[in-house]
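Read the structure below first, then the notes.
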Amino acid sequence: MTGEHTRMRTAWLFLMTTLIGAGIVGCGAEPSSAVTSQKQAIAAPSGVTAVAGIRSMTVSWNYTPDTTGSALASFEVVATPGSATVVTGPTARSALVTGLANGTNYKFTVTPILADGTRQTSSASAYVRTFSVPSSPSWGPMKSGDQQVELSWYAPPNGGQPILGYTVTASPGGQTYVTTGTSLVVTGLTNGQTYSFTVLATNAVGNSLPSGSSGTLKPAALPSAPQNVTATAGVRYATVQWTAPASNGGGTISGYVITTQPDGRTQYAGSTATYATVASLANGGTYTFSVAAQNATGTGTAATSSAVTMPSLPSAPLQLTGVFHQGSMELDWRPPASDGGSPVTYYKLTSTPPGAERTIPANLLVASISGLALETPYTFTVSALSAVGEGPSVSTGPILTRPQPRAPTDVRVTSTVQGAVVRWNPASAPAGDPVTEYQVTASPGGGSVSVAADTLVATVPGLVSGNTYRFQVKALNSAGAGRASAPAHQRHVAPLACEAPSFAPASGYFFNDARSFVGAGDFTGDGRSDVVVGNGYRLAVLASGPRRSLTRLAPSVSAGASFSDLAPAVADFNGDGKLDVAAILKEGSTTAGGFVVFPGNGAGAFQAPLPTMLAVNVGLNCLRTGDFTSDGTLDVLVHTTEKKVLLYRGVGNGSFSLPTTVVSSSDNCPAVADFNGDGFLDYARIDNVNNRVVQANGTGTGSFKLPLYTPCPSCFGDMVAGDFDHDGALDDLVIVAPDKVRVYSSPAGTLGLLIQYALPAPSGALYSHPVVADLDADGLSDLFWTNGSGGRLNLMRGSTSTPPFAPLSTYGFSGQSDAPAVGDFDGDGQPDVALTGSSLDVTLFWGGTLTPESLRLEGKPAGLASADFNQDGAADLAAGIHEKNAIALSLSGNGARGTALLAPVFVPPTGSTLVGGVQDIVAGDLDEDGQEDLAAITTVPNATADTQTQLVVFKRSANGAFSPAERYSEAPSPGELIKVDLNEDGRFDLVTLRPLIYNQIQLSLWLNVGGGRFAPRVDYKVTAASPSSELLAADLDRDGHMDLAVLRRGTPSITAGLVHVLWGRGDGTLTGVTTFTGDVNLWAMGRADLDGQGLVGLVLKTRDLGLLTFDATRQPVLTPRASVGTNGGIRVLTDDFNSDGRVDLFSFTPFEATVVLQQAAGAYAPGPRTAWGTTVQDALMADWNGDGLPDLALADDNAQSATLVMNVCLP
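Going by this note's numbering, the sequence shown opens with residue 24, and the numbers climb by one from there.
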């Protein structure tokens, strides 16, 4: 029964009772008059309380009924609001009121009702709230993760009932997740996808309303490591740089965390940052820096920089020295061994007693201090400062303010078995305080030697063979030690006396006569190969002898016609066991070509020639020999100028039958070998019309089978047969063209392409036929050929590691070379190559250990210099290149020499479009740091202003590399550059020479003010015949001061050669000019101490060699020394070529070189010849291979190369 029904029933009962009591309604009776009845008074219930329920309440009360009156009929419980009513029986003291609203405050009254209708309503209970659904949860912290999100929320008010759980709904997709806790990890999401979520709570009453949206969440993986993490040290800070990670994991990068090690501190950078500055680092500390990217998921993998060391204080400056000169203390020093990582900004100088306090810019390493008290010992202290602070200092010992001697000059070193013999010029000293002794040092670690003042030579013993030392000499007087001399560097190797020096890779025999061709064979029967020379129309044999000697034998009778310059054939054509020579004859418009056989007699002479002639104006391009008819007699296969290939069958006496035509039209000479291995000779030729190689296999009867073909695109070149696939059979083929080498092999009897090599572009076209020989005696065939004028000698060595050939080696050689010939001319068991052509020599390229290939310049050479540039203790070569505006370096090393390039040398002034190149170079320790530097002068076409040409200095830095160039404005058109200490301060100064007008030259002096910096040049204009060609420095009047000598070459039958000498004063200035007038054949000049007594003079090259010295009044005296017998000359170099302790002479022209060996008692004898091209323009000496013997470097204009020529000692 509902509360409403109960209320209606109660009201109805009340109404009926009232009506009955009033007599209005009777029970089966008629209405009567009113009847009056009095109700019983009752008490109201007390203690009414309510206990909440789900949409209901349990109401309780207290009540004691009155037993005297009307009986208690019921209780009526009424809820407010809503008037929900419940009627209970009389015994009830509680009632469940239902139908209430959840979450509503109610109060209740209880009314007892007696049987007579009497009632009394209680006081209302306190308000009590019914239970409800929970409130909506609110979101707590949330976090995206890798394919997941982590959600949390706060538990809401539970509506009076415990929360049974929560339901999370994802969007998009509507996926729901139920949990009993207040957090949830939602997995299986897609990284980079945006999601949002709602959550509702559930209790026994029901579900709350959904929460608000979580906001967007984007699952993401951790970002990958940042890229390119680097750290750059600053002063107590580091700049850490990076680039963004390759992957952000699908989320947005929110920032970066930078961790410093070893202290582990971290700092953060924003999402777009690519660098951060880490401060408060320790000077000199070493740190690494890790950078990790962050996104909503977290912190990704870190990437770590390389370790960097913070700058520290600079170390102490080095080599602080001082001398007192002309009233000033001259101090100099070297930079600190370490600047601590921060550049030195300046130096601080102090003294005790005071007087020198000052700061010096970092680019200055010298200080001149005046105003000091005389005759007072001072101690000077220098420290270096950088942005980090002031480093430790270095101090001198006490230096007396009394003049010390100046630095000795012209230090010269010779290695001997006893040690290094050092010579020098006397040092200048103040009047009245002369030099008392000299001190010679060899560093590093070579010790020192002191000698008396009247001795200008000392031997430094105990040096390590193979080590390079820096030799310096100091002079001492009562005031102390003067400044050390400018250094001389020497690799100390005690050479062994060499009775028979020679040159490698090539030497020459001075033939000086017509040379058509060369051939090779044992024509004298001594078991050693000789050279046969086509001497116009006769043969001449150069019989080989001991120690590479050649003896020219009497010539043969005339061939009756002139020889061609094509290769001859050397073989036993008449079967007498002696070698014969078949030479190709020239054809002409009125003469027939052909070939002629000179039968040899086995003693170096030849019998009457046997000619085989062609028609008038028809000649041969080549001839090949072999037994094509299998009759034991040699035949000849020729290629004619009519493009025919003919076979001449030998008849056994050196003559031949009429030819048969093998090929009626062919542009190229064939190669002959047994290509198919059947025992019969075959031939191969190039068919350049059809781009193929033609192989015709012989039948052994003088005929050939149908040809076989193999492709050869763009086929051109010269052919030679040999064993190139290393199978032991001479059945392979090489085609050498200007741009490539093709190798064909025939493993199955048919030629096929094995490999192809691209060649660098040569300076000249292919000239001679290639030859095959095992030049390095390793059992593998090597390939040798030459290029034409301006070309090179080319060698591809056989190789098993890169078969069939190692990479190309080239030797610059400007001489035009005819077809080479192969033979063992020195009897060492290794094949050699003989060459001839346009030079005066027959050139022998010696087999054996191969020398380094030439330094290719790709332009005309412009000066040579030698020093140990890469600090490995061995000599390196520098060559200027005019056209490339560069300096090329050939660097010693293990195995092949390395190369490097310094460029550009000339740099035009700002805004200028001038183009310049190198003119000359010189090497020396210009900045006194123990490392040899380079200086160059440049030239600009039609230069008219001093700013258009330059003196350029490349200094070596501490790491061995060259620092950026320093440039000074030079006078236009300088010609030569030399180094010399003119002001006796122990530093190399630079001098340049240039012509002005016909009767005037200019010498420009660049005085070194310390640290390799040069004061503005001082020009000396000298009245002298021009053009002047050579500049040298020497102490010619033996006053201890370096003088300058300038040569003007003579012109035969026209003008005499002249030598102008400008006399040095020892203070960087020059005075006076003394001129020596030579003859018209005065061509070249050098300097030497020929007698080994310290008397340096000028070696002059006329037709003879003479020593020019000057007496005490500076008057010239020329003493003839040696007969040379060659004309012309470029320069004279001097050294001890055979290590006998005597100075020898080397003179060269563009096409000829001569060594004259000094003998006992001042006599001279011819030495070995090096034959190297026809346009040699420069040369220098150095020990390239460290054997103690002076070697050569030759610079060749047409070959555009610098070549190392080794001085080798023959057994």
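From the three backbone atoms N, C-alpha and C, an ideal C-beta is built for every residue, glycine too. Quick caveat, the model's predicted, so the values are computed rather than measured.
Assigned exposure category for residue i - 16 Cβ within 10 Å defines buried
i     : result
I136  : buried
E413  : exposed
V440  : exposed
P377  : exposed
D603  : buried
A527  : buried
W35   : Any reading at W35 must be qualified, since the residue scores a pLDDT of 41, below 50, and its modelled position is unreliable; the value itself is stated next. Exposed, since its Cβ has fewer than 16 Cβ neighbours within 10 Å.
E53   : Bear in mind that a pLDDT of 36 at E53, under 50, signals an unreliable position, so the model cannot answer this.
S56   : Low confidence applies here, because S56 scores a pLDDT of 36, under 50, leaving its location unreliable; read the following figure in that light. Flag for S56 reads exposed.
T1177 : buried
E1175 : buried
V757  : buried
E380  : exposed
I709  : buried
L42   : With a pLDDT of only 39 at L42, under 50, the local geometry of the prediction cannot be trusted, and no value is derived from it.
R1154 : buried
Range covered by the beta strand (DSSP E) that runs through residue i
i     : result
Q1200 : V1199 to A1205
T866  : D864 to F868
Y492  : T491 to N500
Q1223 : Here Q1223 belongs to no beta strand (DSSP E), and DSSP marks it neither H nor E.
H749  : Neither: H749 is in no beta strand (DSSP E) and is coded neither H nor E.
H1064 : From DSSP, H1064 is part of no beta strand (DSSP E); its letter is neither H nor E.
F1174 : Counting along the chain, F1174 falls outside any beta strand (DSSP E), and DSSP gives it neither H nor E.
M819  : R815 to M819
W1195 : Premise fails: W1195 is in no beta strand (DSSP E) and is neither H nor E.
R708  : D705 to D710
H512  : A511 to R514
I186  : I186 to S194
F220  : S219 to N226
Y461  : E460 to S466
C-beta atoms of residue i and residue j nearer than 8 Å
i     : j     : result
G557  : P591  : yes
L499  : G1117 : no
V301  : V258  : no
P268  : A325  : no
A224  : P179  : yes
T1226 : W1207 : no
Q894  : G838  : no
D899  : L912  : yes
T613  : V639  : yes
L660  : V619  : no
H792  : D741  : yes
A193  : V208  : no
T127  : T108  : no
S409  : G363  : yes
What beta strand (DSSP E) runs, 3 residues minimum, are completely inside the region 625-696?
-> 633-639, 643-649, 658-663, 668-671, 683-686 and 694-696
Report yes or no: do the region 1023-1042 and the region 1097-1110 share at least 3 C-beta pairs separated by less than 8 Å?
-> no
Are there three or more Cβ pairs, one per stretch, closer than 8 Å when the region 421-429 is compared with the region 339-352?
-> yes
Tell me, please, whether the region 996-1007 touches the region 928-946 by the rule of three or more beta-carbon pairs shorter than 8 Å.
-> yes
Does the region 216-223 touch the region 243-262, meaning 3 or more C-beta pairs lie closer than 8 Å?
-> no
For the 8 Å Cβ check, are there 3 or more pairs between the region 89-100 and the region 148-164?
-> no
Which runs of the beta strand (DSSP E) fall wholly inside the region 1123-1167 and span at least 3 residues, in chain order?
-> 1127-1133, 1139-1146 and 1154-1158
Is there contact between the region 1167-1186 and the region 794-808, where contact requires at least three CB pairs shorter than 8 Å?
-> no
Within the chosen definition, does the region 432-452 reach the region 495-510 through at least 3 CB pairs nearer than 8 Å?
-> yes
If we count Cβ pairs, one from each stretch, closer than 8 Å, do we get three or more for the region 511-526 versus the region 486-493?
-> yes
Spell out a yes or no on whether the region 530-543 and the region 873-883 are touching, meaning 3 or more CB-CB pairs, one atom from each, closer than 8 Å.
-> no
Does the region 855-870 come within contact of the region 576-583, defined as at least 3 CB pairs closer than 8 Å?
-> no
With contact counted as at least three CB pairs below 8 Å, one residue from each stretch, are the region 732-739 and the region 671-688 in contact?
-> no
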